[in-house]
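Remarks on the structure that follows.
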Amino acid sequence: MTLLRLDSISKAYERGPRQLSVLNDVTFALEAGEFVGIYGARGAGKTTLLRIAAGFDRPDDGAVTFAGAAPTLVGKRRQRHAPGAIAWVEQNGPHSGELPIEVFVALPLYRELGPSVARRRASEALARVGADDAAGARWSDLSDAARKLVTLAHALVRRPRLLLADDPAAGLGVIDRERVTSLLHAAAHDDDCAVLMTAPELAATRHADRALLLSRGQLLTPAVRDEDGTVLPFPGQERRA
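Count along the sequence shown from 1, then add 3; that gives the number in the working numbering.
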C-alpha cells in the first residue's frame, strides 16, 4: 500500500537576487513496510525533501499525500507529540540536560497514555535499539553512538506509520552506522512502517530496499544491489552525480 506520495514537488529559495532551485518536479512514492534511502551531496535538498514529506514545509508546486490526505502543516513540537502517524528522528536530545533518558523517550506519549504507560513503552523502545542501559542516564553521559540510538527510540516509541530520519548516522564509525541503519530496516520490515532516510553517500544506504540519488533537484535511480546486498552502481553514475 502506498503510504506517502510526492507528486511533481518543486521548491526554491531566495539567495540574494537569485532563486536557488532545490527540488525540481520530484515524484516519489513510499510503500508501507519499505525502507528507502535518499543520498546526495550537502545542499542537494535532502532535508528539504524530508521536511516537505513531514508537512513541516510547503512545496512551491506539487502535492504531498500521506495515507491519502495532505500532512498537517504544524510546528515540530506539536507534530512530534501528536499520536502515531509520522515520527521524525531528532538530531538533538532533551532541552533539559537533567532529564533522565527514559523520561525523554517517553515524552511523546505522556499526554496520550499517561506517565506510567509512556515510561513502560519507552523502556521497551530503548531495549529494542539496544540502549536500555541508558534509561537512567543523562544526555551528557552518553557517547555519540548512544545518543543516536536514544533519538531513534524517541521516534519509535510512538509506533509510527511513517518514520523520517535525516542523516541519522552522521558522525558515527562504520560499525555504529551499520547498527543504526539495521534498526531502521527492522522498523520497516518488522512493524510495516514506511522509513525514509537521507544520507550523504550511497554506501550508507546499504540496508535500504531502494537507494535514490538526489542531484540537481531530481531523484535518480543510480544503483542496484546484487544477491548479498552489495551496491552495484550503474555505468556512468559519477557523470550524472
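Where a beta carbon is used, it is the ideal one built from N, C-alpha and C, also for glycine.
Nothing here was measured: the structure is a model prediction, and the numbers come from that model.
Q | Cross-strand partners of Ile-12 (DSSP beta bridge) | A | Along the sequence shown, one-based indexing puts residue 12 at 9. The partner list for Ile-12 (beta bridge, DSSP) reads Val-29.
**Q.** Own chain, CB closer than 7 Å to Glu-34, minus 5 neighbours either side, in chain order
**A.** Locating residue 34 in the sequence shown gives position 31, where the first residue counts as 1. Around Glu-34: Met-4, Thr-5, Leu-6 and Ala-197.
(Q) Rounded to the nearest angstrom, what separates Leu-145 and Arg-21 at their Cα positions? (A) Position 142 of the sequence shown, counting from 1, holds the residue named residue 145. Position 18 of the sequence shown, counting from 1, holds the residue named residue 21. Roughly 43 Å separates the two Cα atoms.
Q.
In whole angstroms, give me the CA-to-CA distance for Lys-14 and Gly-139.
A. Reading the sequence shown from its first residue, position 11 is the one you call residue 14. Reading the sequence shown from its first residue, position 136 is the one you call residue 139. It is roughly 43 Å from the alpha-carbon of Lys-14 to the alpha-carbon of Gly-139.
Q. Just to confirm, are Thr-208 and Gly-46 a CB contact at a threshold of 9 Å?
A. Residue numbering aside, residue 208 sits at position 205 when the sequence shown is read from its first letter. Residue numbering aside, residue 46 sits at position 43 when the sequence shown is read from its first letter. Gly-46 sits away from Thr-208, with the two beta carbons spaced by 9 Å or more.
Q: Using alpha carbons as the reference points, say which of Asp-212, Leu-159 and Glu-204 lies closest to Gly-174.
A: Looking up residue 174 in the sequence shown gives position 171. Nearest of Asp-212, Leu-159 and Glu-204 to Gly-174, Cα basis: Glu-204.
Q | Cβ-Cβ distance between Ala-148 and Thr-201 below 9 Å | A | The residue labelled residue 148 in the question sits at position 145 within the sequence shown. The residue labelled residue 201 in the question sits at position 198 within the sequence shown. Cβ atoms of Ala-148 and Thr-201: not closer than 9 Å.
Q) For Ala-130, which three-state DSSP category applies? A) As a working note, residue 130 is residue 127 in the sequence shown. Helix, per DSSP.
Q) Three-state secondary structure (DSSP) at Thr-224? A) Taking the first residue of the sequence shown as 1, we reach residue 224 at position 221. In this structure, Thr-224 counts as coil in the three-state DSSP scheme.
Q. Helix or strand or just coil, what does DSSP make of Leu-23?
A. Taking the sequence shown and counting its residues from 1, the one referred to as residue 23 is at position 20. The three-state secondary structure of Leu-23, taken from DSSP, is strand.
Q: State the DSSP-derived secondary structure class of Ser-119, mapped to helix, strand or coil.
A: Within the sequence shown, residue 119 is the residue found at index 116, counting from 1. The answer is helix: DSSP assigns Ser-119 an H, G or I state.
**Q.** Residue of Val-106, Ser-119 and Arg-164 minimising C-alpha distance to Ala-137
**A.** Residue 137 sits at position 134 when you count from the first residue of the sequence shown. Nearest of Val-106, Ser-119 and Arg-164 to Ala-137, Cα basis: Val-106.
Q | Beta-carbon spacing of Gly-176, Ser-143 below 9 Å | A | Taking the first residue of the sequence shown as 1, we reach residue 176 at position 173. Taking the first residue of the sequence shown as 1, we reach residue 143 at position 140. Not closer than 9 Å, so no.
Q) If you scan the segment 124-211 from start to end, which runs of the alpha helix (DSSP H) of 4 or more residues do you find wholly inside it? A) Counting only runs of 4 or more residues that sit fully inside the segment 124-211, the alpha helix (DSSP H) segments are 147-159 and 177-194, in chain order.
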